[in-house]
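Heads up, the thing below is written out as structure tokens.
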Amino acid sequence: MKIDHIETIHLRYEYDDGFTYAGGVCTGRLTSLVRVFTEEGAVGLGSVYSHPGLVELVVKQQLEPALIGEEATDVERLWDKMYGLTRWYGRKGAAMSALGAIDIALWDLAAQAKGEPLWRMLGGEAGQCPAYASGLLWKPPEELAEEAAAHIEAGFRRMKMRLGHNDDSDAAAVRAVRGAIGDDHDLLVDGSMRYDVESARRLAELLEENRVFWFEEPFPPEDLDAFVTLRDSISLPVAAGENEFGLQGFRELVRVGAVDVLQPDASRAGGISEVLRVARLAEEAGLRFAPHSWCDAVAIIANAHVVASRSNGVTVEVDRTGNPFVEELLTEPLCVTDGMLRLSDDPGLGITLNEDVLARYRLPDPFDIPDGVYSDMVFNGRAT
Numbered sequence: 001m002k003i004d005h006i007e008t009i010h011l012r013y014e015y016d017d018g019f020t021y022a023g024g025v026c027t028g029r030l031t032s033l034v035r036v037f038t039e040e041g042a043v044g045l046g047s048v049y050s051h052p053g054l055v056e057l058v059v060k061q062q063l064e065p066a067l068i069g070e071e072a073t074d075v076e077r078l079w080d081k082m083y084g085l086t087r088w089y090g091r092k093g094a095a096m097s098a099l100g101a102i103d104i105a106l107w108d109l110a111a112q113a114k115g116e117p118l119w120r121m122l123g124g125e126a127g128q129c130p131a132y133a134s135g136l137l138w139k140p141p142e143e144l145a146e147e148a149a150a151h152i153e154a155g156f157r158r159m160k161m162r163l164g165h166n167d168d169s170d171a172a173a174v175r176a177v178r179g180a181i182g183d184d185h186d187l188l189v190d191g192s193m194r195y196d197v198e199s200a201r202r203l204a205e206l207l208e209e210n211r212v213f214w215f216e217e218p219f220p221p222e223d224l225d226a227f228v229t230l231r232d233s234i235s236l237p238v239a240a241g242e243n244e245f246g247l248q249g250f251r252e253l254v255r256v257g258a259v260d261v262l263q264p265d266a267s268r269a270g271g272i273s274e275v276l277r278v279a280r281l282a283e284e285a286g287l288r289f290a291p292h293s294w295c296d297a298v299a300i301i302a303n304a305h306v307v308a309s310r311s312n313g314v315t316v317e318v319d320r321t322g323n324p325f326v327e328e329l330l331t332e333p334l335c336v337t338d339g340m341l342r343l344s345d346d347p348g349l350g351i352t353l354n355e356d357v358l359a360r361y362r363l364p365d366p367f368d369i370p371d372g373v374y375s376d377m378v379f380n381g382r383a384t
């Protein structure tokens with residue numbers, strides 16, 4: 001199964017009102033997809049969450065020419081080849097994310113070639129994995145309670161909220177959501193990188209009182225000492241990793257004892273290959289992993305296949321902020337029932353893109369992005 005060519009697809013969506021969060025007001029969303037076409041007609045899908053222009057340069061100008069004619073199912077060798085080509089300027093950031101998108105597509109093709117769903121090819125026993133609703137941003141407590149109830153009604157049994165507003169707002173928000181979902185559902189908290197060690201310790205006391213499942217990313221990813229100090233002084237599990245890239249970054253988190261739960265993302269950290277390596281690293285260290293997913297349904301499904309295949313996989317994240325790249329991108333929408341995300345028994349990732357959605361939201365020029373705050377990426381705007 002030889003690689004014939006690679007297509008990049010960049011998508012942009014603009015909210016009517018947006019949502020308020022730690023980065024200000026989110027006005028839109030961006031994501032990028034790749035399709036790897038083979039000479040035999042098979043097509044693999046991949047996702048990348050990074051600057052669209054940088055993705056375009058790395059994939060089309062450097063990686064595609066080097067991959068044409070290669071055996072698509074030789075996934076790990078091709079990962080090494082792509083990494084070698086981008087190491088000098090890559091290792092972390094956009095280059096690692098871009099090669100990861102191709103890697104996801106190659107795993108899709110490899111499983112298609114075997115005639116198996118990827119979760120089974122990777123050693124999983126069931127085509128499903130736990131999933132949590134990701135939303136609950138900066139809103140009044142009563143609105144958070146209503147949203148939390150809606151997530152449960154939609155089939156979720158676990159959800160994540162964002163804090164980092166101020167002490168009083170944080171406390172009111174946590175209590176409102178916990179009150180709305182009761183004791184039978186898990187509540188996860190994202191600190192949005194807005195704390196110092198002392199304020200994080202104070203918040204952790206509140207979170208422990210409200211039986212929070214984990215405390216995610218209270219500090220910027222560079223501040224490993226703060227993570228270590230906090231983890232040593234609280235009983236609540238600490239999670240991080242959405243801003244890490246490559247096995248080497250996660251190895252450092254483990255080496256210093258920074259976290260209890262590692263959060264690689266196939267669309268950011270280097271593809272399914274790296275998520276698998278991080279999962280093994282976590283298992284060897286007696287830790288768990290729970291992939292971050294924020295860009296699109298392809299990334300969610302890719303991460304979910306790995307979680308479904310590993311005993312130390314906790315859950316996968318499902319964006320519930322009204323993102324069409326999550327809700328409308330696939331011909332068969334994501335299905336969460338009783339807290340479990342169902343995966344297809346079809347070969348590969350088992351998903352098909354909705355071509356109408358691609359046409360509706362396609363970004364004509366990845367180097368010309370309209371002004372806006374796109375959650376994690378800001379173009380000629382102001383993030384707080």
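If you read the sequence shown in this note's numbering, its first letter stands for residue 1, the second for the next number, and so on.
Built from N, CA and C at the ideal position, the CB exists for glycine as well.
Next item on the list: Can you grab the Cα-Cα spacing for the pair THR315 / GLU143, in whole Å?
Entry: Within the sequence shown, the letter at position 315 stands for residue 315. Within the sequence shown, the letter at position 143 stands for residue 143. Rounded to the nearest angstrom, the two C-alpha atoms are 25 angstroms apart.
Note to self: Within 8 angstroms, do at least three Cβ pairs link the segment 287-297 to the segment 250-268?
What the structure shows: The segment 250-268 vs the segment 287-297: in contact.
Note to self: As a quick exercise: from ASP371, GLU332 and PHE367, pick the residue whose alpha carbon is nearest that of THR352.
What the structure shows: As a first step, residue 352 must be located in the sequence shown, where it is residue number 352. Nearest Cα to THR352 within the set ASP371, GLU332 and PHE367: GLU332.
Next item on the list: Going by CA-CA distance only, name the one from GLU71, HIS10 and LEU67 that's closest to GLU40.
Entry: Taking the first residue of the sequence shown as position 1, residue 40 is located at position 40. Closest option to GLU40, judged by alpha-carbon separation, among GLU71, HIS10 and LEU67: GLU71.
Checklist line | Cross-strand partners of ALA370 (DSSP beta bridge) | finding: The residue given as residue 370 occupies position 370 in the sequence shown. In the sequence under discussion, the amino acid at residue 370 is Pro, which differs from the Ala named in the question. In the DSSP output, where bridge partners are listed per residue, PRO370 has none listed.
Item checked: CA nearest to the CA of ASP365, picked from VAL43, PHE37 and HIS51 -> Position 365 of the sequence shown, counted from the start, is the residue given in the question as residue 365. Ranking VAL43, PHE37 and HIS51 by CA distance to the CA of ASP365 puts HIS51 first.
Notebook entry, point to check: Can you find at least 3 beta carbon pairs, one from the segment 204-223 and one from the segment 231-238, that sit closer than 8 angstroms?
Noted result: In the pairwise beta carbon analysis, the segment 204-223 is classified as touching the segment 231-238: at least three pairs are separated by under 8 angstroms.
Next item on the list: Have a look at ILE6 and CYS129 and give me their C-alpha separation to the nearest angstrom.
Entry: Mapped onto the sequence shown, residue 6 falls at position 6. Mapped onto the sequence shown, residue 129 falls at position 129. Taking the straight line joining both Cα atoms gives about 30 angstroms.
Checklist line | Buried or exposed by the 16-neighbour rule on C-beta atoms within 10 Å, applied to THR384 | finding: The residue labelled residue 384 in the question sits at position 384 within the sequence shown. With a pLDDT of 46 at THR384, under the threshold of 50, the modelled position of that residue is not reliable, and no figure is offered here.
Next item on the list: State the Cα-Cα distance for the pair VAL171 and GLY191, rounded to the nearest angstrom.
Entry: As a first step, residue 171 is located in the sequence shown; it is residue number 171 there, counting from the start. As a first step, residue 191 is located in the sequence shown; it is residue number 191 there, counting from the start. Looking at the sequence provided, one finds Ala at residue 171 rather than Val. A direct Cα-to-Cα measurement between ALA171 and GLY191 gives close to 13 angstroms.
Check: When burial is assigned at 16 or more other CB atoms within 10 Å of the CB, is ALA375 buried or exposed?
Finding: Reading the sequence shown from its first residue, position 375 is the one you call residue 375. Checking the displayed sequence, the identity of residue 375 turns out to be Ser instead of Ala. So SER375 counts as buried.
Check: DSSP on ARG288, reduced to helix/strand/coil?
Finding: Position 288 of the sequence shown, counted from the first residue, corresponds to residue 288. Secondary structure at ARG288: strand, using DSSP grouped into helix, strand and coil.
Next item on the list: Quick one: which unbroken alpha helix (DSSP H) runs of 4-plus residues sit fully inside the segment 50-109? Chain order, please.
Entry: Scanning the segment 50-109 from its first residue to its last, the whole alpha helix (DSSP H) runs of 4-plus residues come out as 52-56, 64-67 and 75-86.
Notebook entry, point to check: I think GLN151 touches ARG320, with their Cβ atoms under 8 angstroms apart; what is that distance to the nearest whole Å?
Noted result: Here residue 151 is taken as the residue at index 151 of the sequence shown, counted from 1. Here residue 320 is taken as the residue at index 320 of the sequence shown, counted from 1. Looking at the sequence shown, residue 151 is not Gln but His. Right, their Cβ atoms sit about 6 angstroms apart.
Check: Do you know offhand how far TYR89's Cα is from ASP223's?
Finding: Position 89 of the sequence shown, counting from 1, holds the residue named residue 89. Position 223 of the sequence shown, counting from 1, holds the residue named residue 223. Taking the straight line from one Cα to the other gives about 23 angstroms.
Next item on the list: Work out the CA separation of ASP4 and ILE394 for me, nearest whole Å.
Entry: The structure shown does not extend to residue 394, since the chain is modelled only from 1 to 384, so the question has no answer here.
Next item on the list: For ALA133, write down the residues that DSSP places opposite it in a beta bridge.
Entry: As a working mapping, residue 133 is identified with position 133 in the sequence shown. ALA133 pairs with MET159 and VAL318.
Checklist line | Candidates ARG360, GLY322 and LEU341, of which the one nearest ASP17 by Cα | finding: Counted from its first residue, the sequence shown places residue 17 at position 17. Restricting attention to ARG360, GLY322 and LEU341, the CA atom closest to the CA of ASP17 is found in GLY322.
Next item on the list: Indicate whether the contact test is met: 3 or more Cβ pairs, each with one atom in the segment 329-347 and one in the segment 124-139, closer than 8 angstroms.
Entry: Yes, they touch.
Next item on the list: Can you grab the Cα-Cα spacing for the pair ARG158 / LEU187, in whole Å?
Entry: Position 158 of the sequence shown, counted from the first residue, corresponds to residue 158. Position 187 of the sequence shown, counted from the first residue, corresponds to residue 187. Rounded to whole angstroms, the gap between the alpha carbons of ARG158 and LEU187 is 6 angstroms.
Checklist line | Residue from HIS165, GLY246 and SER344 whose Cα sits closest to the Cα of TYR195 | finding: As a first step, residue 195 is located in the sequence shown; it is residue number 195 there, counting from the start. Answer by Cα proximity: HIS165.
Check: Where do the N-terminal and C-terminal ends of the beta strand (DSSP E) with THR229 fall, by residue?
Finding: Indexing the sequence shown from 1 puts residue 229 at position 229. Per DSSP, THR229 belongs to no beta strand (DSSP E); it is in the alpha helix (DSSP H), 224-233.
Checklist line | One or two residues paired with HIS10 in a DSSP bridge | finding: Counting from one through the sequence shown, the residue named residue 10 turns up at place 10. DSSP output for HIS10 lists SER32 as bridge partner(s).
Check: Across which residues does DSSP place THR20 in a beta bridge pair?
Finding: As a working mapping, residue 20 is identified with position 20 in the sequence shown. Its beta-bridge partners are VAL25.
Next item on the list: Put ARG194 into one of helix, strand or coil per three-state DSSP.
Entry: For this step, residue 194 is matched to residue 194 along the sequence shown. Here ARG194 sits in coil by DSSP.
Item checked: Outcome for PHE367 when other beta-carbon atoms lying within 10 angstroms are tallied against a minimum of 16 -> Position 367 of the sequence shown, counted from the start, is the residue given in the question as residue 367. Counting Cβ neighbours within 10 Å, PHE367 comes out exposed, since fewer than 16 surround it.
Next item on the list: Could you tell me whether the segment 247-257 touches the segment 198-217, where touching means 3 or more Cβ pairs closer than 8 angstroms?
Entry: No: the two stretches stay apart, fewer than three of their Cβ pairs being nearer than 8 angstroms.
Note to self: Taking the alpha-carbon of ASP103 as reference, which of ALA302, LEU329, ARG342 and LYS114 has the nearest alpha-carbon?
What the structure shows: For the purposes of this step, residue 103 is identified with residue 103 of the sequence shown, where counting begins at 1. Checked all of ALA302, LEU329, ARG342 and LYS114; the closest Cα to ASP103 is ALA302.
Check: Whose C-beta lies closer than 8 angstroms to the C-beta of ALA285 among residues of the same chain, with five residues either side of it excluded?
Finding: As a working note, residue 285 is residue 285 in the sequence shown. Beyond the five residues adjoining it in sequence on each side, ALA285 comes within less than 8 angstroms, by CB distance, of VAL254 in the same chain, given in chain order.
Checklist line | Nearest-angstrom beta carbon gap, SER309 and GLY124 [assumed within contact, 8 angstroms] | finding: Locating residue 124 in the sequence shown gives position 124, where the first residue counts as 1. Locating residue 309 in the sequence shown gives position 309, where the first residue counts as 1. The C-beta separation of GLY124 from SER309 comes to about 4 angstroms, placing the pair in contact by the 8 angstroms criterion.
Next item on the list: Name the residue from PHE213, MET82 and VAL307 whose alpha carbon lies nearest to the alpha carbon of MET161.
Entry: Along the sequence shown, one-based indexing puts residue 161 at 161. Ranking PHE213, MET82 and VAL307 by Cα distance to MET161 puts PHE213 first.
Margin query: How far does the beta strand (DSSP E) with ARG211 in it extend, from its first residue to its last?
Written below: Within the sequence shown, numbered from 1, the residue matching residue 211 stands at position 211. Following the DSSP letters along the chain, one finds ARG211 in no beta strand (DSSP E), marked with neither H nor E.
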